[in-house]
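S.K.:
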Amino acid sequence: MKKTRFLWAVLAAVACALSIPACGGGGDDSGNTYISVHQFAGGGKAFKIFGVPSMRVYAFGGGGSAMSKDQADNILNGSGYGPSAPEYTASPQGAYEGKLNLTGAMAFEDGTTVQATLSYGTYGGETGTGVLEILPQSGFDNSTGHETEQMIHFLGGVTRNDMNVSGTNLSGTVLQLNSDYPRYLLFSLAGCSYRVVMDFSSGTLEFFLTYASSFEYAALGSSGQVLEGYHVTYNEIIDALNTKKNFIAEPR
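Each number in this note's numbering comes from the position in the sequence shown (counting from 1) with 4 added on.
Set out below in structure tokens:
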């Protein structure tokens, strides 16, 4: 009996060593999606956004100023202009918290890091919504630099370095490869910013590329009719590109 009990003790120890989630006391939370504003602003946790390559976004720690609900609503809804402008009809319900002007970074899998100013807010707690604005402060000014290339690939686009574009049908920022679904050819990310809207309950997010654009709308008369030959010019920040990603929250 003693030998049998000893054998079971050894097997249990081996099972515990090989199966940390079953026996670990430290609490592995790498599969979680929620980060409170306090945790994010303190620099203790990062969002890992999956892609090719994947990216981690985190704050360095040190506080940041309070963000109002109206400011967070603006991040959520964007400007309302552009081909990828969201159609959110109302802000999420539930408890709200937020921070503005955090110093942090966007870090790719190969160690490439770009410093950024971050704003982060949440609605509704662990099963609610998170909004994150990313304003890069360096790294994307060189249109052919490695940082820019990493970010364009993360967004699902291609750069001029990825292929020989001679003889290829180019139309603006679109690369036509004999397909009804052309790829985006992005020449530069200088001056661009990013908005992220996270669904904590599903672990999915929308990642928006935004930049300044000038565009025209047809002018309308007092009764709503289109005035031929007249237009109104707008100069706005637009939501130019939107990609959906999976993400997790993990210790930094």
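Using N, Cα and C, we set each Cβ at its ideal position, and we do this for glycine too. If you're wondering where the values come from, they're calculated on a predicted model, not measured in any experiment.
Please name the residue, chosen from Gln-141, Ala-216 and Asp-74, that lies closest to Ile-241 on a Cα-to-Cα basis.
M.R.: The shortest Cα separation from Ile-241 among Gln-141, Ala-216 and Asp-74 belongs to Ala-216.
S.K.: Can you name the residues that DSSP bridges to Leu-122?
M.R.: Answer by DSSP bridge pairing, in chain order: Leu-106 and Ile-138.
S.K.: Hey, how far is the Cα of Gly-66 from the Cα of Pro-255?
M.R.: When rounded, the distance between both Cα atoms is 17 Å.
S.K.: Assess contact between the stretch 81 to 91 and the stretch 236 to 252, defined as three or more Cβ pairs (one per stretch) separated by less than 8 Å. Is contact present?
M.R.: Output reads yes: the stretch 236 to 252 touches the stretch 81 to 91.
S.K.: Whose C-alpha, out of Gly-47, Ser-218, Ser-206 and Phe-251, is nearest the C-alpha of Lys-103?
M.R.: Looking at the Cα atoms, Gly-47 is the closest of the given residues.
S.K.: Are the CB atoms of Gly-128 and Ala-99 within a distance shorter than 8 Å?
M.R.: Cβ atoms of Ala-99 and Gly-128: closer than 8 Å.
S.K.: For Ile-53, report the span of its beta strand (DSSP E) as first-last.
M.R.: Residues 49 to 53.
S.K.: Leaving out the 5 sequence neighbours to the left and right, which residues in its chain are closer than 7 Å to Asn-250 when beta-carbon positions are compared?
M.R.: Within the same chain, Asn-250 has close Cβ partners Phe-54, Gly-207 and Thr-208.
S.K.: Do the CB positions of Ala-76 and Ala-63 come within less than 8 Å of each other?
M.R.: Not a contact, by the Cβ cut-off of 8 Å.
S.K.: With a cut-off of 8 Å on the beta carbons, I'd call Thr-121 and Thr-133 a contact; round off their distance for me.
M.R.: Wrong, their Cβ atoms sit about 21 Å apart, outside the cutoff.
S.K.: Which residues in the same chain as Pro-57 place their Cβ atom closer than 8 Å to its Cβ, once the five residues preceding and following it in sequence are excluded?
M.R.: Phe-112, Glu-113, Asp-114, Gln-154, His-157 and Phe-158.
S.K.: Determine which residues share a DSSP beta bridge with Asp-203 and list them.
M.R.: DSSP, once it has assigned bridges, lists Thr-133 and Thr-208 as partnering Asp-203.
S.K.: Leu-139: buried (16+ other C-beta within 10 angstroms of its C-beta) or exposed?
M.R.: Exposed: under 16 other Cβ atoms inside 10 Å.
S.K.: Among residues of its own chain, excluding the 5 on either side of Arg-60, which ones have a beta-carbon nearer than 6 Å to its beta-carbon?
M.R.: So the qualifying residues of the chain are Ala-50, Lys-52 and Ala-111.
S.K.: Just how far apart, CA to CA, sit Ala-253 and Tyr-188?
M.R.: So the alpha carbons of these two residues sit roughly 29 Å apart.
S.K.: In chain order, what residues of the same chain have a beta carbon less than 8 Å from the beta carbon of Ser-72, not counting five sequence neighbours either side?
M.R.: Hits under 8 Å: Gly-102.
S.K.: Name the one or two DSSP bridge partners that Glu-151 has.
M.R.: Paired residues: none, contrary to the question.
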